[in-house]
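Residue numbers (the working numbering), protein chains in the order written: chain R, 1 to 100; chain W, 101 to 200.
Scroll down for the structure; my scribbles are underneath it.
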DNA sequence: TTTATTAACTTTGTAATTCAAAGTACTTTT
DNA sequence: AAAAGTACTTTGAATTACAAAGTTAATAAA
């Protein structure tokens with residue numbers, strides 16, 4: 001029995017950020033409105049979780065206009081994908097420890 | 101793309117409680133000292149996480165004496181195991197969504 | 001041309017969570 | 001009698017999360 005909770009990434013402890021990264025891992029660009037709808041949170045709350053992940057360099061922001069409407073979309077960076085993969089790895093090890 | 105962060109159990113969002121349940125899921129009785137050592141936290145902190153899980157009916161407490169020393173050990177209840185399994189299920193779905 | 005609307009925030013304030021440190025009760029060892 | 005061990009409880013501070021309201025800048029409607 002050896003436990004590694006220290007290998008879990010604090011950034012992904014929150015269900016919202018966990019959900020965001022899951023989405024961004026498999027979808028190249030996802031916009032604000034889509035994230036908000038998928039995660040079912042207020043826009044202010046979403047904005048702050050986005051800011052947290054961006055500050056860590058885990059996601060990037062791309063602003064553009066679609067037709068005449070502003071549209072902001074997000075993508076996971078290489079570092080973000082790596083960090084998330086490592087987190088999932090740690091999670092798996094944690095859960096599977098001493099099962100065999 | 102359909103996301104289910106609502107199916108994640110808030111009780112298991114904390115790395116400490118996640119670690120505790122992982123341990124208790126595969127070890128029938130684990131005592132205070134062992135948990136403390138595995139999780140690397142202070143005893144006060146551990147005690148409060150234990151209290152949180154007990155309040156939810158996810159773990160049970162068994163007090164005994166080993167020789168002359170008091171020994172408290174913990175075990176996951178049936179409800180606790182079920183809740184944890186559901187949480188892991190939700191986690192898996194969340195992570196694997198739209199991968200295929 | 002004023003007014004309303006939309007998108008994506010920022011700010012504010014509150015509530016909840018987490019944690020370490022210190023204190024406590026009871027017992028045992030020295 | 002003093003020190004140490006076990007399993008806490010209490011306290012207080014720091015961090016985090018969140019909703020609600022306010023903001024900015026652009027477009028669309030009246």
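Cβ atoms here follow ideal geometry from the backbone N, Cα and C, with glycine treated the same way.
Going by DSSP, residue 72 (chain R) is part of the beta strand (DSSP E) stretching over 69 to 76. Taking a beta-carbon distance threshold of 8 Å, residue 119 (chain W) counts as an interface residue toward chain R. Annotated three-state conformation of residue 164 (chain W) is strand, per DSSP. When rounded, the separation of the alpha-carbon atoms in residue 156 (chain W) and residue 124 (chain W) is 15 Å. Just so you know, the alpha carbons of residue 154 (chain W) and residue 173 (chain W) end up roughly 12 Å apart.
For residue 50 (chain R), the three-state secondary structure derived from DSSP is helix.
Distance from the Cα of residue 12 (chain R) is smallest, within the candidate group R:71, R:89, R:42, for R:89.
In this structure, residue 109 (chain W) places its C-beta atom within 8 Å of the C-beta atom of residue 183 (chain W).
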